[in-house]
Amino acid sequence: AAAAPAGRGEALAGLFLAAYLGLTVPPLAIGLAGLSFDQVDVMTWFTGVLLALLAAVALLTRRTGR
Numbered sequence: 828a829a830a831a832p833a834g835r836g837e838a839l840a841g842l843f844l845a846a847y848l849g850l851t852v853p854p855l856a857i858g859l860a861g862l863s864f865d866q867v868d869v870m871t872w873f874t875g876v877l878l879a880l881l882a883a884v885a886l887l888t889r890r891t892g893r
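Each residue of the sequence shown is one higher than the one before, counting from 828 in the working numbering.
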């Protein structure tokens, strides 16, 4: 509803693209990294990256007051 009527299709396509990438890229990256490294190490690094991203989002959200 926030997008202009003429651009709603593009906005929806972008939303779906982001969702599909978010559902596809992490498992593929974990699987490929698991071929070269120990699975426990890969999952530990993945968890650390996610925690760092969540902390950054929390800090940015707190600064903007949203």
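The beta carbon of each residue, even a glycine, is placed where N, CA and C say it ideally should be.
The structure presented is a predicted model; accordingly, all values stated were derived computationally and were not measured.
- For A879, the uninterrupted alpha helix (DSSP H) run begins and ends at 866 to 891, by DSSP.
- With a cut-off of 8 angstroms on Cβ pairs, the stretch 845 to 857 is in contact with the stretch 867 to 883, counting three or more such pairs.
- Assignment of A829 by DSSP, reduced to helix, strand and coil, places it in the coil class.
- A distance below 7 angstroms separates the beta carbons of A860 and V869.
- For G836, the enclosing alpha helix (DSSP H) stretches over residues 835 to 863.
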